[in-house]
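**Student:** This is the structure I want to talk about, given as structure tokens.
Residue numbers (my numbering), protein chains in the order written: chain F, 1 to 405; chain P, 1001 to 1178.
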């Protein structure tokens, strides 16, 4: 029986899949009770909005679905190799949309009283949002992520996973908060909802809760996943730093600082100024998140390479194929080329092969031995797909150059 | 391992409780009277919270104005026999409307308790002569058993009243009416 080699880029357990429903873990029940309790209030709030303006409420959800669905898919698929279990990802969305928004509504009001007590009404009017929401909302969203860590810590393999859970939790929060704003602040009429959609989604949709919580999630994932490699002190610093960056970004957004937003929107110039003002406040944190995601993806690419290098030596896949798997753009290009040369069916087969080769890497990280039956089965499956592809004339130009095992 | 998992979950829930409800506890702790109470016409005693100062006193009608930034609380004592609703209506029509170029008063009348007495509260928004901005306010009317009536008029520039409401409500709730 062979043993798995521990090459530097090899990440054991990367490919494991766990669901949200871990009924033996207390965190799951804490999650379930909080979501169920706050869910009653959340449904009540939506029902009230629907009564205030049925058409505005329906339009709000329609427009927000147009925004949220692509963002959700983009975030989910940004994790190229080891996609997170859907139950956990949806669990993060639900926490953000239901629990965090409801609890934040109560918490913001309470801490708002403190700000009003400490400062004058003028001070409170300018600063209440900045001195309450960033701390209350970021903490409550992070609480949901901590519960997800406690429910399924084995799914938090790297920073990229934290990005996914954090971003979708923030997305859930943003959507429900936007509905509130469209109805309660922008008036709830179809015109008001459209104006709200322009201001809060078209102009600012890239910068808000999705980015804040993604940063918190990345910090949390760094803390959890690097326990064997990085001293606790440094992990605390990184996780705390990213959480504080999220709070700081949110604080800047809500504060009167760098505020270029027009006080009244009367002309086309005012409308055009809104996205500019949003960019000034939001881009620094977005840039930080982009850097974090880039680094995390590079690291995951290293793991994929580590998991599949020995498979190249075994001949399960070729070096060219491994190169394609490591470069998403080249992967897409290869499928386009195959489609042009050998048709759509061959392109679909290439896509399937590439997916199964990634799955092979995931299985390698899960199993204990090099000759594990699951691993051997996956190797055989990849070979059979490959053989089918090679049987299509002109489909795989690189196949002839590499020996296949 | 299980013990740590339970402990971690409890800590997370405790943090949630602090974040969600801590503000109310801190605000209540900060909402303590500062300085001596102020008595108007021997009928009502108001205890200003910290930061609130006496801006004006008047003998006719007996009244005091407390202020903090742009938040204000006028406390009037009138001789009056009638219901709190009639008192509130009379205050709006006889005191506020004559000073206003434009005045909107809420149709909804809220029942409130001030100390051991019941009263009513109405909200208003208006443009008053000599003032550049709209004023938003809440009138709380309470009839005392000694033949007098007390009107609390909490007001601020439009948009700012919500940030003074907590203090106004606390001071009105703590007022003692003879």
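The beta-carbon is built from N, C-alpha and C at its ideal position, and this holds for glycine as well.
#1: Answer yes or no: the CB of residue 162(F) versus the heavy atoms of the ligand PLP, is any distance below 7 Å?
#2: Reducing DSSP to helix, strand and coil, say where residue 1136(P) ends up.
#3: What is the DSSP secondary structure of residue 333(F), reduced to helix, strand or coil?
#4: Using DSSP's beta-bridge definition, name the partner residues of residue 1045(P).
#5: Could you list which residues in chain P have their beta carbon closer than 7 Å to that of residue 122(F), in chain order?
#6: Between residue 1120(P) and chain F, is any beta-carbon pair separated by less than 8 Å?
#7: Pull up the distance between the alpha-carbon of residue 152(F) and that of residue 395(F), whole angstroms please.
#8: Could you tell me whether the region 68 to 85 of chain F touches the region 100 to 107 of chain F, using the rule of 3 or more Cβ pairs below 8 Å?
#9: Give me whichever residues DSSP pairs with residue 1152(P) in a beta bridge.
#10: Looking at the unbroken beta strand (DSSP E) that takes in residue 1058(P), where does it start and where does it end?
#11: Please list the terminal residues of the continuous beta strand (DSSP E) segment that includes residue 229(F).
#12: Taking the runs of the beta strand (DSSP E) that are 3 residues or longer, which of them lie wholly in the region 97 to 130 of chain F?
#13: Looking at the strands, I want to know which residues DSSP matches up with residue 368(F).
#14: Per the contact definition of three or more C-beta pairs closer than 8 Å, is the region 1072 to 1081 of chain P in contact with the region 121 to 132 of chain F?
#15: Give the straight-line distance between the Cα atoms of residue 55(F) and residue 343(F), rounded to the nearest whole angstrom.
#16: What do you get for residue 354(F), buried or exposed, if any count of 16 or more other CB atoms within 10 angstroms of its CB means buried?
#17: Find out if the Cβ-Cβ distance for the pair residue 1100(P), residue 1073(P) is shorter than 8 Å.
#18: By Cβ distance below 6 Å, which residues in the same chain neighbour residue 236(F) in space, the five residues on each side in sequence not counted?
#19: At a CB distance below 7 Å, what residues from the region 131 to 150 of chain F approach chain P? Give them in sequence order.
#20: Between residue 246(F) and the rest of its own chain, which residues show a CB-CB distance below 6 Å, the 5 nearest in sequence each way excluded?
#21: So residue 1096(P) packs on residue 1151(P), CB below 8 Å; how close in whole Å?
#22: What residue range does the beta strand (DSSP E) around residue 1119(P) cover?
#23: Hey, does residue 1012(P) have any beta-carbon neighbour from chain F nearer than 8 Å?
#24: Any C-beta of chain P within less than 7 Å: which residues of the region 27 to 58 of chain F qualify?
#25: Quick one: what does DSSP say residue 1005(P) is sitting in, helix, strand or coil?
#26: Starting from the Cα of residue 262(F), find the closest Cα among 253(F), 251(F), 277(F) and give me that residue.
#27: Residues of chain F with a CB under 9 Å from the CB of residue 1030(P): which are they?
#28: Run down chain P in chain order and give the residues with a C-beta less than 7 Å from the C-beta of residue 106(F).
#29: Using a Cβ-Cβ cutoff of less than 6 Å, which residues in the same chain neighbour residue 134(F) once the five nearest sequence positions on both sides are dropped?
#30: In the structure shown, what three-state DSSP assignment does residue 265(F) receive?
#31: Give me the chain P residues within the contact set of residue 128(F), using Cβ-Cβ distance strictly less than 8 Å, ordered along the chain.
#32: According to DSSP, is residue 1101(P) part of a helix, a strand, or is it coil?
#33: Below 9 Å on C-beta distance, what does residue 97(F) contact in chain P?
#34: Would you call the region 106 to 120 of chain F in contact with the region 180 to 199 of chain F, where contact means no fewer than 3 C-beta pairs closer than 8 Å?
#35: Given a limit of 8 Å on CB to CB distance, which residues of the region 225 to 237 of chain F reach chain P?
#36: Out of curiosity, what's the CA-to-CA distance linking residue 197(F) and residue 333(F)?
**Tutor:** So, to answer that:
#1: Absence of the ligand PLP from the depicted structure is noted, as is the absence of any ligand whatsoever, leaving it without description.
#2: strand
#3: helix
#4: 1039(P), 1176(P)
#5: 1069, 1070, 1160
#6: no
#7: 41 Å
#8: no
#9: 1075(P), 1140(P)
#10: 1053 to 1059
#11: No beta strand (DSSP E) holds residue 229(F); DSSP gives it neither H nor E.
#12: none
#13: BP columns for residue 368(F) are empty, so no partner.
#14: no
#15: 47 Å
#16: buried
#17: no
#18: none
#19: 136, 139, 140, 143, 146, 147, 150
#20: 138, 212, 215, 216
#21: With a Cβ gap of about 10 Å, residue 1096(P) and residue 1151(P) do not count as contacting.
#22: 1117 to 1128
#23: yes
#24: 27, 30
#25: helix
#26: 277(F)
#27: 113, 114, 117, 118
#28: 1020
#29: 247, 250, 251
#30: coil
#31: 1163
#32: strand
#33: Near residue 97(F) there are no residues of chain P at all, since even the closest Cβ is about 17 Å away, more than 9 Å.
#34: no
#35: none
#36: 36 Å
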